[in-house]
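A.B. asks: Numbering (our numbering), first residue to last: 2 to 181.
Glycine residues also receive a C-beta, built at the ideal position from the N, C-alpha and C atoms.
All values derive from a computational prediction rather than experimental measurement.
My questions will all concern the structure given below.
Listed below in structure tokens is the structure:
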């Protein structure tokens with residue numbers, strides 16, 4: 002996660018991005034990883050001190066400076082926050098970055114990470130002091146939230162998916178409303 006943030010911040014200026022204003026988006030298990038990284042208790046590092054990194058023999062290279070730059074906005078799409086395939090998982094924020102604005106997106110027909118997990122997860126995040134909102138997407142399942150569906154037994158990309166379009170608009174709106 003640290004390497005991903007460092008990489009995004011190192012290239013942001015090339016694309017007109019502001020490395021001091023970071024948003025993170027994660028889907029399914031990636032949403033859990035994004036939450037853990039975004040709520041790190043490590044102190045932030047100024048963007049000018051960020052160096053790009055890569056994985057070398059399973060290790061981040063160069064080693065991270067103390068702390069990481071943390072996002073101000075996090076969008077979690079269909080996270081499994083309490084169980085996955087009938088096994089218990091516990092997703093709790095790490096306690097840092099309490100100014101983080103979190104949006105959790107839930108598909109009403111999700112059978113992989115059922116909607117109760119997102120509802121209860123939002124309450125867990127609010128109880129931990131995070132500004133969190135829930136966006137429920139009607140008739141969406143785990144895959145249609147990210148422009149995928151099963152068509153004739155095959156996984157397929159659905160570019161005009163109403164659920165995917167709703168998720169994309171929610172991401173854009175969440176970033177646009179950031180307090181930075």
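1) Does the region 107-125 come close enough to the region 138-151 that 3 or more CB-CB pairs lie under 8 Å?
2) Taking 8 Å as the cut-off, decide whether the C-beta atoms of residue 122 and residue 80 are in contact.
3) Roughly how many angstroms separate the alpha carbons of residue 10 and residue 17, rounded to a whole number?
4) Compute the Euclidean distance between the alpha carbons of residue 153 and residue 167, then round it to the nearest angstrom.
5) Three-state secondary structure (DSSP) at residue 19?
6) How far does the beta strand (DSSP E) with residue 134 in it extend, from its first residue to its last?
7) Check each candidate in 2, 6, 105 and 41 and name the one with the smallest Cα separation from residue 138.
8) For the ligand HEM, I want to know if residue 158 counts as a neighbour, meaning its beta carbon is within less than 7 Å of at least one of the ligand's heavy atoms.
9) So residue 78 packs on residue 32, CB below 8 Å; how close in whole Å?
10) Spatial neighbours of residue 96 within its chain, please: C-beta separation below 7 Å, excluding the five flanking residues on both sides.
C.D. replies: Concretely, from the data shown:
1) yes
2) yes
3) 11 Å
4) The straight-line gap separating the alpha-carbon atoms of residue 153 and residue 167 is approximately 24 Å.
5) coil
6) 132-138
7) 105
8) Ligands displayed in this structure: none; no statement on the ligand HEM is therefore possible.
9) About 6 Å separates the two Cβ atoms, so the contact holds.
10) 40 and 42
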